[in-house]
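To get the working numbering, take the position in the sequence shown, counting from 1, and add 12. Using N, Cα and C, we set each Cβ at its ideal position, and we do this for glycine too. What you are looking at is a predicted structure, and each value in this text was computed from that prediction instead of being measured. Reading through the structure tokens given below for one structure.
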Amino acid sequence: MSLDRSIRWRGLDPVTLEHCHVISTPRDTRIRGTIVTPTYGLFYRIKLDDTERVRTARLERTDGTLLELFSDGAGNWSDDRAEPLPNLAGCIDIDIWPTPLTNSLPIWRSQWTIGTPQRFAMAWIDGDEMTVQRNEQIYTQLDTGHFRFQGANGFERILEVDGDGLVVDYPGLFALAS
Numbered sequence: 013m014s015l016d017r018s019i020r021w022r023g024l025d026p027v028t029l030e031h032c033h034v035i036s037t038p039r040d041t042r043i044r045g046t047i048v049t050p051t052y053g054l055f056y057r058i059k060l061d062d063t064e065r066v067r068t069a070r071l072e073r074t075d076g077t078l079l080e081l082f083s084d085g086a087g088n089w090s091d092d093r094a095e096p097l098p099n100l101a102g103c104i105d106i107d108i109w110p111t112p113l114t115n116s117l118p119i120w121r122s123q124w125t126i127g128t129p130q131r132f133a134m135a136w137i138d139g140d141e142m143t144v145q146r147n148e149q150i151y152t153q154l155d156t157g158h159f160r161f162q163g164a165n166g167f168e169r170i171l172e173v174d175g176d177g178l179v180v181d182y183p184g185l186f187a188l189a190s
């Protein structure tokens with residue numbers, strides 16, 4: 013993947029504004045984003061290796077709360093003190109609340125057959141609480157521009173993505189900002 017692009021989303025519930033920049037080369041992908049919520053600001057940086065696997069994630073809120081995660085790309089994680097995080101074993105991707113950007117990670121990394129669901133173990137990061145936990149998710153490509161996303165507790169949405177695999181419509185939660 014080769015990409016050098018900025019994108020903005022507005023969150024619908026809660027109301028947020030996000031600006032994100034993705035730079036992808038044959039060597040790696042670097043993502044930087046800023047989210048403004050009603051109660052805090054969140055800066056995030058994600059680095060993917062040349063196979064689109066998450067290697068580092070750093071989140072910092074405007075109140076100074078910091079969360080850093082490191083991965084070997086094979087599903088083994090540690091925190092900023094190099095302490096292993098066994099509850100995330102097998103997770104290749106991350107999913108950060110509140111951004112639709114991280115829905116692109118498994119889309120970019122995987123080979124797709126229309127109508128065939130794929131299950132992913134995600135390191136799900138709650139930006140409100142600055143915590144991380146394992147979360148199982150299912151993605152199914154419906155056509156070139158749409159994926160069914162199924163999360164925990166029966167949550168389901170049809171995500172619209174653009175030609176770069178970035179979410180442009182996440183019904184009820186996120187839309188492109190003008």
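Under DSSP, the beta-bridge partners assigned to Cys32 are Ile19 and Gly45.
In the three-state reduction of the DSSP assignment, Leu117 falls in the helix class, which pools H, G and I.
For Val66, the number of other beta carbons within 10 angstroms of its own is at least 16, and it is reported as buried. Buried is the label assigned to Leu100, since at least 16 other Cβ atoms lie within 10 Å of its Cβ. For Ser83, DSSP records a beta bridge to Trp89. Separation of Glu148 and Leu29 (C-alpha to C-alpha, rounded to the nearest whole angstrom) is 27 Å. Following the DSSP letters along the chain, one finds Tyr151 inside the beta strand (DSSP E) bounded by residues Thr143 to Asp155.
Spatial neighbours of Thr152 in its own chain (CB-CB distance under 6 Å, excluding positions within 5 residues in sequence) are listed in chain order as Pro129 and Arg160. Under the DSSP definition of a beta bridge, Phe186 partners with Gly23 and Tyr182. Contact between Ile104 and Gly87 is confirmed by a C-beta separation of about 6 Å, below the 8 Å threshold. The shortest C-alpha to C-alpha distance from Ala164 to any of Arg131, Asp155 and Leu188 is the one to Arg131.
In the structure shown, the three-state DSSP call for Gly53 is strand. A Cβ-Cβ separation of about 19 Å leaves Asp62 out of contact with Arg44 under the 8 Å criterion. The alpha-carbon of Phe186 is positioned some 6 Å away from that of Arg22.
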